[in-house]
Every structure is written in C-alpha cells, then in structure tokens.
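To convert, take the position in the sequence shown, counting from 1, and add 236; that gives our numbering.
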Amino acid sequence: MPLRLCRLLLALVATSLLAQDLPGLKVTFVAGDKTDRRSERLLALYVPAGQAPTPFLPAGPFVAKWEGDLQSPLRGTFKLNAETSGKFKLSLNGQPLLDGPGIKTVQLNKGANRLVAELASAEKGDTFVRLWWASKDFPLEPVPPTVLTHPADKDLDAATRLREGRLLFAQLNCAACHADAARLPAKGSGMPELGQNAPLLADLGTKYRPEFLADWIFDPHAVRPHTLMPKVFAGAGAEQKAADLAAMLTQGAAPKEGEVDRQLAPQGGALFANLGCVACHQRPDAEGKDAHGRIPLAHVTDKWRPAALTEYLQDPAKNFPSTRMPHFRLEAEEATQLAAYLLSHGRMVKRKALAGDATRGAALLVSAGCLSCHAGMPPTTQPPLAAALKAGDKGCLAADGKARAGAPDFALTDDQRAALKAFMSTDLASLKQDVPAEFAERQIKNLNCVACHARDGNVSTWTKVDGEAKKLREALPPKEHVEGEPVPDAPIPHLTWLGEKLRHDWMSKFVAGQVEYKPRPWLIGRMPGFAHYADGLALGLNHQHGYPQTEAAEPAPIPEMVANGEKLIGADGGFNCVTCHAVGEKEATAVFEAPAINFAQTAERLRMGYFHRWVLAPTRIDPDTKMPKYADPEGVTQLSDPYEGKGPAQFEAIRQYIRTVK
C-alpha cells in the first residue's frame, strides 16, 4: 500500500475518533470570575442554598450551561418538560424552546439534535432543574442518559484531569505526610476521602503470615495491582528493611488458631458466584491478566491464617472503616465455606525468607512515615506541602527511581502524574468543600457498583462473567428449584434511576446494610453494606437526578382513596396485584417462582414521582421486569371504575392505600 494512502487512512481514522461522541452532556459552571466544567449523565441538577455547585467554585450565585446532543431514535413529535426553581432556558437545533418551567411540543430529527440549556441559580432557596420528555409511545420520563451525548472537548478534559488529580491527592493520603494547616482542611472536614486512615496495624501477626507481609511491604503492586499502598523501600537493603518492619508488626503475636474444612470448598465456590464476589475478584485459581480488571485473589492462601480469614469475611471494616470490601453479613457457616474455597484454590509462594529484626523495624515504622497513614499521626521526617509542591518531578511524582530517591513509589502512570501535577498547581481550595453529586459518582467507581449493577445501558461485570459463575454453581449437586427460593439468573436492579427512585433515608440505610429485610427475595445475591459511604452516596444520587434529600411531607391518606386503592390491588374488580405481591402480613396468593416486593415496603422505599412513572410504564424503566403494563400511552387502564379508567388517579389510590399498610 502506498505511503500516501496509508497516511490518508490514518488521518481518516484519527478524524473519526476525534469526532466520536461521548456519553452525557458537557456542563459549564460560572460563579463570579471563576469557571468550571464537568460532564453529566442527565440534564438535572440540585444545589442546596448556600452551597457551591462544584468543588472548584465558591458558594453563591452561579450559572450552569449544558451543551450536547439529544440522540432521537426516530424523527417524530415529542414533548419536553422542565421542572426548575431557577431561570431556565432551553434551545434545540438553534431554536429557542423553553423559557422557564413548562412543557412544549417539538419536532426531533432522527439522530443528533443540538441541545443547549442554561440555568441561573434561584434567588432564594435551593436551585434545581429536571428535564423530561414524552411521545405518543411513552409517558413523561426524565430524558435518559442513553440518548445524551457530547463531543470531545479540551476544556472538559482539563477539568476532568483536575478532578482525577484531586481524588488521587486524597486517596494517596498526600496530606498525611505533607502537612500545611493553611492550605489544607482540618482532618475530618472538606473532601470526604481526604484524611481517611489506612488499615489499623493491630494484630497483624495473628492474621497474616509474616513471610507474606514482608513481600507485601517490599512490593505491594506485585501482589495487587492498583493498590494505594506504596512501595516504601527501594535500593540496596530494601528487602531486609521490609523483613525488619514485618518482624516488628508481627512481634509476639500468636497466630489465630483454627482451620477450615477444605471439603466445604464447593459450597464456598457457589457463594463466591451467588454473592457477586466473582464480579469484583478473579477466582483464586485464575492466572494472567484479567480482561475485566478484577482484583486478583491468588495470594489469599499465602496471606491469611484460616481462622482469621473467616473472621475478616464476617466484618471487613473492623480495622479499616473506609474499606471498599463490602459487608455481606455472612453467617459463620457461610464465612467458613467461602474461606474454604478461597484457601483451597490459592497458591503458596516458596520463598527463602529473610530474618527480620523487630528493633530495626520499630525505627523504620516511624522514619518511613507508616504511622502518618495508618494511625493518623503527624508527619515527622517528610517535607511540608509547600516544599513538595516546589519539588516538581522529584520525590513521589518522579517517573524513575533515581529522581524519586527515598520517596515512596505509588506506581503512578504518566496520566496519574499529569493529573496530580495539574491539581497541585491549583490553590487546593477545592479540598475544603465537596459536592454530593460528585461524591456519589466517585464512589460508584471506587466501590465498583457496576460490577453487579447495569447502568445507563451498560451491562454489569457479573453478567459478563456469568459463565464462570455457572461453573462454580455446577460444582454442587443439582437441586430442583423450590417455589419461593431465590432464582440464580434473575436480573439485578439497574443503577440508572436510583437517585430518582429511592427515598434518601431508606436508601442510606439499605446501602449501609442496616435494612433487616430483603426487598427482592427472588435474587440469589444480597445487597452488601458500605456503611462508611452510605449517607453521602445516597444524597449524591438524589442530587444527580435533581431531587432534594427529603421530599415534602404529605398529608394523611384520603380515606376514600385508601378504600379504592385496597379494592384496586385485589382480584375482584382490581388489577389482582396480590397474586404476586404480599401486603404487609398477607402473603401473595399465587406466587410464580418467588414473591414480588411486599407492598408494605414500597411505601418507605419509593419516591412518589418514581412510583407513578413505574406503574404507568414499567418496561420503559426495566425491559426485563415481570411487572405488567396496565395503562396505555394515554394513561388509561382497562378498569373503568373508579376514576373513569384514569390510570394516574387509580395508581395514586393504590399508593394511598399502601401508605396505610404496616
């Protein structure tokens, strides 16, 4: 192929990649003389009065501008509706459409329709906006993230890089070693991730094998890629220093007694599949790089004392409150089975371990700065933040060992170093505040929520590795399904609409693992607890969808509507909801496979608006649902009485009745 033609093809490919649309909309915020940008999944926003719209801007009046494309699947007539408390304007394809709240009819072209919206913050109270759409085929719903796109943008890339650097600065605990009382917030304030202590160093010798601990200290990234733990020692004598520190940390500790029955490994393997462990972690017998970026577990046998691993699985946050490892509320028997599987399939390393000196290790514990991260102790030998900022590409930010000298090695990529340097060139004021919506987005990534849950049209990792999960289940003898028991292949709820769907108080408790019942008894998995992150994650999800933390208090249920609602859920003149749904202590009448959500739980879980959107068109939200659609696109049901077949009124009567069920 001629060189000129090759260059032309490469140029065409490059142009295609540059022109490729990215999900979501570009949002530009202006407050005073400062500007910030970020991408958003939805055209929705909620900023409480007196708070900043982004961490990089001051609190006070602001203007937000959304830009991108609304990708319509077909040419047709749609309605667009804005709910807002501020001064809102919207144009489509260059034509003004909305000026303030309200609903307008518009003709959308098939494919991209240029969307520009602007919101000036409310003069009083909270600022919010939510954009909805409807057509002849579906009722009003939020414009979904799957139809919103924006082109690549250098300014947006720069803002994203700042956020990546800000998060790295917090997660790598830079402030623990490089103090600056003037530029950094007090511990426990500002950005939530800032100043979180690393795991406690107590009782390590009772839990871990000292030979593994020495290897881990020497080179943690060789054991677990992407760990936040740095390689502290480098150069001649580094392995001996690691052995000395390991000896000090395990000195005088009696290993926790107890073994696990390795014959329970098949049951543990099934748990590994059914709880979704397989979505976040490679199997312990897996080899090589994982296509899904899962965390390896081959080292577990080499690391843990069996009895200690069993205890850890029952309470992962005991010595590390901000751990990403979820709390599954395992029974002792389940923890024993899971430990048996992990330990039976891991590997032991044949090593010639160096003898460590605990006295030398005690001195290293202080001089290496371990206590700054692991115990929150003030830094001793590390330079202050001002000196670190002036060092440039030396120390922790160096790309090679020579320039790094004695500084820790975090195994940073070039992109991570660039992000850190970009953030450290700012005034760092963004560390003193945070925004719930951005916190939630960070934690969805940090906690790997999409490992188990689909979101915005993307399937979960759990779905992608379903073949592995089936093999682990098949290691057990086959068992006939019993009605009411969980179903292995039942779909997990999507994350797409969670912030619009769930009430904050219930969602916070559920994410924390503090809800006693299982809302979906047919799921073979269970929602684990992330207590450290729950409240902020729940609030941020609500704000992402343009909703406040708490809905306005409702008046008492209307007796007439309650009576109609009770009739409407029944079999005689109603929708026969009680076939699948229990109502408080009254069980469902004819369950198929497993019962649906108990109506008594619905009232405390769901926001009112989402309840109505769900019952009007459930398959618009979840195409896999077994919930029937009872209303046509006009909202009319097959039941003419009561309310003359008007679905919204009938469904509100059901909701009013549900509110009375204990």
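From the three backbone atoms N, C-alpha and C, an ideal C-beta is built for every residue, glycine too.
Review point. Mind checking whether aspartate 692 and arginine 277 have CB atoms under 8 Å apart?
Key: yes
Review point. Considering only the beta carbon of each residue, do alanine 655 and glutamate 400 sit closer than 8 Å?
Key: yes
Review point. Quick one: Cα of aspartate 636 to Cα of methionine 660, how far?
Key: 20 Å
**Study point:** Under the three-state DSSP convention, the category threonine 825 falls into
**Key:** coil
Check your understanding: Where do the ends of the alpha helix (DSSP H) carrying phenylalanine 374 lie?
Key -> Here phenylalanine 374 belongs to no alpha helix (DSSP H); instead the beta strand (DSSP E) covers 374–378.
Point to revise | Residues near alanine 515 in its chain [Cβ-Cβ closer than 6 Å; skip 5 each side] | key: Ala687, Cys688, Thr697 and Trp698
Review point. Comparing the CB of glutamate 796 with every heavy atom of the ligand MG, is any distance shorter than 7 Å?
Key: This structure lacks the ligand MG, and indeed carries no ligand of any kind.
Review point. When we look at the beta-carbon of glycine 441 and count the other beta-carbons within 10 Å, is it buried (16 or more) or exposed?
Key: buried
Practice item. State the Cα-Cα distance for the pair glutamate 569 and glutamate 547, rounded to the nearest angstrom. Key: 11 Å
Point to revise | Extent of the continuous beta strand (DSSP E) to which tyrosine 282 belongs | key: 280–283
**Study point:** Extent of the continuous alpha helix (DSSP H) run through glycine 504
**Key:** 501–510
Practice item. Taking only the alpha-carbon atoms, compute the straight-line gap between arginine 895 and alanine 690 and give it to the nearest angstrom. Key: 30 Å
Practice item. Mind checking which residues open and close the beta strand (DSSP E) that includes arginine 273? Key: 270–276
Point to revise | Inter-stretch contact at 8 Å, needing at least 3 Cβ pairs: the segment 557–571 / the segment 482–494 | key: no
Exercise for review: Taking only the alpha-carbon atoms, compute the straight-line gap between glycine 782 and alanine 285 and give it to the nearest angstrom.
Suggested key: 14 Å
Check your understanding: How many Å lie between proline 869 and alanine 370 at the Cα?
Key -> 10 Å
Check your understanding: Helix, strand or coil for tyrosine 893 per DSSP?
Key -> helix
Practice item. Since I believe glycine 592 is in contact with alanine 483 (beta carbons under 8 Å), could you give me their beta-carbon distance rounded to a whole number of angstroms? Key: 3 Å
Exercise for review: Give the straight-line distance between the Cα atoms of alanine 412 and aspartate 663, rounded to the nearest whole angstrom.
Suggested key: 18 Å
Review point. Is DSSP giving threonine 320 helix, strand or coil here?
Key: strand
Review point. With distances taken from CA atoms, which of Ser580, Glu840 and Lys862 is nearest glutamine 892?
Key: Glu840
**Study point:** Residue nearest to leucine 376 in terms of C-alpha spacing, selected from Asn778, Thr341 and Leu261
**Key:** Thr341
Check your understanding: Which residue's Cα is closest to the Cα of glycine 195: Met561, Glu790 and Glu823?
Key -> Any question about residue 195 goes unanswered here, given that the chain covers just 237 to 898.
Point to revise | For alanine 907, the residue or residues it bridges with in DSSP | key: Because the chain in this structure spans residues 237 to 898, residue 907 falls outside the shown range and cannot be described.
Check your understanding: Skipping 5 residues on each side, what residues in its chain have a beta carbon closer than 7 Å to that of leucine 248?
Key -> Bear in mind that the predicted position of leucine 248 carries a pLDDT of just 39, short of 50, making it too unreliable to give a figure here.
Check your understanding: Quick one: complete alpha helix (DSSP H) runs, 4+ long, within the segment 583–637?
Key -> 594–603, 606–610 and 621–626
Point to revise | First and last residue of the uninterrupted beta strand (DSSP E) at histidine 848 | key: Where histidine 848 is concerned, there is no enclosing beta strand (DSSP E), although the alpha helix (DSSP H) it sits in stretches over 844–852.
Point to revise | Sequence-distant residues of its chain with Cβ nearer than 6 Å to isoleucine 760 (five each side left out) | key: Asn510, Pro722 and Pro724
Exercise for review: Please list, in chain order, all residues of the same chain as arginine 678 whose beta carbon is under 7 Å from its beta carbon, the five residues on each side excluded.
Suggested key: Leu403
**Study point:** Length of the line joining the Cα atoms of proline 289 and glutamate 880
**Key:** 45 Å
Check your understanding: Going by other Cβ atoms of all chains shown within 10 Å of its Cβ, with 16 needed for buried, is alanine 472 buried or exposed?
Key -> exposed
Practice item. Could you name each continuous alpha helix (DSSP H) segment of 4 residues or more that falls completely within the segment 393–447, going from the start of the chain to the end? Key: 410–413 and 440–443
Check your understanding: Does the beta-carbon distance from histidine 414 to glutamate 303 come in below 8 Å?
Key -> no
Check your understanding: In terms of alpha-carbon separation, which member of Arg350, Gln550 and Gly296 lies closest to glutamate 359?
Key -> Gly296
Exercise for review: Helix, strand or coil for histidine 779, going by three-state DSSP, please let me know.
Suggested key: helix
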